[in-house]
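If you read the sequence shown in the working numbering, its first letter stands for residue 6, the second for the next number, and so on.
In what follows, a single structure is set out as structure tokens and then discussed.
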Amino acid sequence: MILFFSISIIGCSKGKKIWDNGLTKSAEKITEYTIRIQEDSLKNEIRDTLLIAIKKYRDDDQLALQTRRTLFDNEQMEIEYVYDYSDRLKQEIVKMSTDSLPFKVNYSYKNSLLFQSSGILDNETERFEQIETHYYRNDDTKEKSIMRQIFLDKETNDTIRNSTVSTYFNTDEKVDSILSINLRRQGQNRKAVYEFDGKNFIGLKEYNDTDSLLSNQKFEYTMDKFDNWTEKKVIENGILKRIIIREIKYK
Numbered sequence: 006m007i008l009f010f011s012i013s014i015i016g017c018s019k020g021k022k023i024w025d026n027g028l029t030k031s032a033e034k035i036t037e038y039t040i041r042i043q044e045d046s047l048k049n050e051i052r053d054t055l056l057i058a059i060k061k062y063r064d065d066d067q068l069a070l071q072t073r074r075t076l077f078d079n080e081q082m083e084i085e086y087v088y089d090y091s092d093r094l095k096q097e098i099v100k101m102s103t104d105s106l107p108f109k110v111n112y113s114y115k116n117s118l119l120f121q122s123s124g125i126l127d128n129e130t131e132r133f134e135q136i137e138t139h140y141y142r143n144d145d146t147k148e149k150s151i152m153r154q155i156f157l158d159k160e161t162n163d164t165i166r167n168s169t170v171s172t173y174f175n176t177d178e179k180v181d182s183i184l185s186i187n188l189r190r191q192g193q194n195r196k197a198v199y200e201f202d203g204k205n206f207i208g209l210k211e212y213n214d215t216d217s218l219l220s221n222q223k224f225e226y227t228m229d230k231f232d233n234w235t236e237k238k239v240i241e242n243g244i245l246k247r248i249i250i251r252e253i254k255y256k
């Protein structure tokens, strides 16, 4: 089973309406290709497509289905999104090509605000628990979320993962920083600090538990006529590492 979590970072564009999917125009489908950039011994550029992600949206622009296929191992993850009568996200049904049973994440609310998401996968060989709790300011803007993950290998009785991930949001509800704490291994804590230009997510710095800089990523975008990005360059420590090509099928 693959352990994962996802965080949506949505930028704002002044003067344009932003849909729930972060776009300035309603879309039916988004396809993203993540391409790794490398050089051979002769300094020739080599491009390998690592991941193909497809997102399909409902008529109200909320996410209906997402698939993610990694080409290097030909594995696939599919996420189906289920909503309640108030059109709030009720459940995610995660299906992995390597697992026979789906992993379900359930969402609960308090005073119309998302309170907690939780999922448990328990079979003969492993047990995985993920619980995320959300906290808000007095004006109901999201302040932070804290996620706990535990992954136990029943065959060896070994705890593979025991960690907390704290995500902090600014007053515009964009991700400000993420603190990952490994409760099983010392020296594995990480802090990620995000940078915006007021519109787009343009930078990410990662630090270790002694606040030493591990990586410095910058992001450059190519925009379409609707002011939505169609190409994202990931530049790490001054070197182009990845390109994400995004095809948007508008309604």
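Each residue gets a CB set at the ideal place from its N, CA and C atoms; glycine is no exception.
| Item | Value |
| --- | --- |
| Where Asp214 falls: helix, strand or coil (DSSP) | coil |
| Glu200: CB within 6 Å of a non-hydrogen atom of the ligand PLP | The model depicted lacks the ligand PLP and carries no ligand whatsoever. |
| Inter-residue spacing [alpha-carbon to alpha-carbon] between Ile207 and Phe201 | 5 Å |
| Distance, Glu160 Cα to Phe224 Cα | 43 Å |
| Rounded C-alpha distance that separates Leu245 from Gln191 | 31 Å |
| Cutoff 6 Å; reference Asp53; Cβ partners in own chain excluding five residues on either side | Arg41 |
| Proximity winner among Asp232, Tyr140, Asn162, Arg195, relative to Tyr173 (alpha-carbon distances) | Tyr140 |
| Inter-residue Cα distance where the pair is Asn175 and Glu44 | 38 Å |
| Residue interval of the beta strand (DSSP E) (run including Gln71) | 68 to 75 |
| Which residues DSSP lists as bridging Glu225, in chain order | Lys238 |
| Endpoints, beta strand (DSSP E) assigned at Gln193 | Looking at the DSSP string, Gln193 is not in any beta strand (DSSP E), and its letter there is neither H nor E. |
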